[in-house]
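Data first, discussion second: the structure below is written as structure tokens.
In the numbering used here, the protein residues as written are 73 to 707.
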């Protein structure tokens, strides 16, 4: 089969186009021949499962919500570019850690296919919108009022108001919600079913954020609001004196799907102080609990050796479990109480500390984290005032992940999350980080940070350069610690990271496309140099589901070079010939390990006649391997 794709095209994207595709794919019977939705068909499907249909709902609405939904569905407006010099270094070339420079909304869209349901934990520390943290809504998209009205499904008046506020550098609640919605919406798609997201926030937006997350993640997937004492020093300035001074910041916790259990810190082991002919045990007096509310179960109310729980109470253990104890003679009655002999094999021997919703004081504060960052950078003038301590992120990662999981932070800031992941891997773990930071300019008025980056790091003064420096210096610090431990070999640790960044789409790239074969095709692909073709190839491999850190291999077809991820072959370069096509067919015939499922052609570089020739060659190929081989002409 041959198809045409334009992966950066947003001409058909609307606020619900992605969602409608999902419904059409999974419930085609809910649409008539003209594409109209038959609502009662969906009600029949849902109703037949016994699910209660609610006629009441509660939602958060704001100016810009329709626009935010449109942004969440749009394809990226950029390509991805690899830092080849950095990534080819010995310590980085095989790393699965990622630092990505760019607008995090664009980056999330690029990651969506390859990293869908791959991330175990997300931690973000977004702008708090305090009025003094520099948050303003920036948007360089250029919609006319009629265009936005049509795509966002709003009237002209609302479309005008949306365009006005997106261009006015607003920092209202509406602007902040419009900024956060598409990022969180895509972030949810990246989480594994058992994945979680932690979001740091303060009092300014915590109310709005919780309602927003209830909508995106589902109210039933809210786990809790974790409190962190971020300040211990009072502010005695004239603006703060005699006023309420907040000490606590919030960390909202949501799961992707059903409530999940968390790893707990072991603080001891249970003691089995008694012994009989069967071995050691401890005695436990069976307790009762309230039989009302959501935890009430009729099956937990039953007699045990003639003893029943008091009225409105139920046993804490089920009847099957109790019968096991009776069967092995490990249950007896004493003073009308049920006593169990619990043996080591009946339970976990660990005594664990709960995952409390109030973080302990030894986690540290924003003040201590600021000093921690200064020590790592060996410079007090980094310009960060609100930093998260390594111990805080370490605790969240411990509770929510295992040793081989991926942790994502798309508001990297000072790089604490990435640094923490590598610190935790000193336990021989293989956790990976993906961290994203906008190359946000440091203004000259922020003199200390500006001068640190410009003079000390000798880079363009951006937040990204501090992020990168923190990760690099953190790695060096960890290396020194490992060298001091004679039981560890530094070669066993993943202490590198790869760098990618977003880069603008080429001028005129999507201007005049048609072909296959309606002709037109105005953009001159032959004018692209090897680096620019590399941007396309990197972008396409991630679009096709290959992890960003995975290197493609090169394959020679006579004189032509293709690129492969194992299943997909990319033909990017110009000058494909008949001999090259024949070489491909020969390889399909003769190489038993060569079993691609798709060939992707760069439409601007592969001539129409060679597209047709390759199409015919594949169609007429005597398919000895019985493989499905599709051909895509991509722009």
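Heads up, the beta-carbon is just placed ideally off N, CA and C, and yes, glycines get one too.
Predicted model only: the values in this text are computed from it and were never measured.
By the criterion of a C-beta distance shorter than 6 Å, residue 223 is surrounded in its chain by 86 and 142, once the five residues flanking it on both sides are discounted.
With a cut-off of 8 Å on Cβ pairs, the stretch 666 to 678 is in contact with the stretch 636 to 655, counting three or more such pairs. Look at residue 337 here: in three-state DSSP terms it is strand. Sixteen is the threshold: when 16 or more other Cβ atoms of the shown chains lie within 10 Å of the Cβ of residue 569, as they do, the residue is buried. By the neighbour-count criterion, in which a residue is buried when 16 or more other Cβ atoms sit within 10 angstroms of its Cβ, residue 429 is exposed.
Under a 10 Å Cβ-count criterion, residue 208 is classified as exposed, with fewer than 16 other Cβ atoms of the shown protein chains found around its own Cβ.
For residue 286, the closest of 327, 298 and 499 by C-alpha to C-alpha distance is 327. DSSP places residue 429 in the coil class of the three-state scheme, outside both helix and strand. The beta-bridge partner set that DSSP reports for residue 509 consists of 173.
The count of Cβ pairs closer than 8 Å, one atom from the stretch 445 to 455 and one from the stretch 356 to 365, stays below three, leaving the stretches out of contact.
The Cβ atoms of residue 615 and residue 79 lie closer than 7 Å to each other.
For residue 357, the beta-bridge partners assigned by DSSP are 411. A direct Cα-Cα distance of roughly 59 Å separates residue 155 from residue 369. Cα atoms of residue 345 and residue 421: separation of roughly 13 Å, rounded to the nearest angstrom. Assignment of beta-bridge partners to residue 387 by DSSP yields 360. Nearest Cα to residue 687 within the set 657, 664 and 167: 657. The Cβ atoms of residue 231 and residue 249 lie no closer than 7 Å to each other.
Counting along the chain, residue 373 sits inside no alpha helix (DSSP H), nor does DSSP assign it H or E at all.
Selection 150, 129 and 546 evaluated against residue 581 yields 150 as nearest (Cα-Cα).
The C-beta distance from residue 145 to residue 90 rounds to 4 Å, short enough to fall under 8 Å. Membership of residue 193 in any alpha helix (DSSP H) is not indicated; the residue belongs instead to the beta strand (DSSP E) covering 191 to 196.
Taking 7 Å as the cut-off, the Cβ atoms of residue 172 and residue 508 count as close.
Collapsing the DSSP output to three states places residue 519 in a helix.
Beta-bridge analysis with DSSP links residue 671 to 641 and 703. The three-state reading of DSSP puts residue 633 in strand, counting E and B together. Residue pairing for residue 481: DSSP places it in a beta bridge opposite 507. Rounded to the nearest angstrom, the gap between the Cα atoms of residue 596 and residue 663 is 35 Å. Here residue 184 has 258, 261 and 262 as same chain residues with Cβ atoms under 8 Å from its own Cβ, once five neighbours each way along the sequence are excluded.
For the 7 Å CB-CB criterion, residue 462 and residue 492 form a contact.
Taking the Cβ atoms as the reference, residue 601 lies roughly 23 Å from residue 618, outside the contact range of under 8 Å. Beyond the five residues adjoining it in sequence on each side, residue 106 comes within less than 7 Å, by CB distance, of no other residue in the same chain.
About 7 Å separates the beta carbon of residue 431 from that of residue 467, a gap short enough to meet the 8 Å contact definition. For residue 426, the closest C-alpha among the options 436, 471 and 245 is that of 471. By the Cβ rule, the stretch 541 to 550 does not count as touching the stretch 509 to 516, because fewer than three pairs are nearer than 8 Å.
DSSP places residue 276 in the coil class of the three-state scheme, outside both helix and strand.
In the three-state reduction of the DSSP assignment, residue 289 falls in the helix class.
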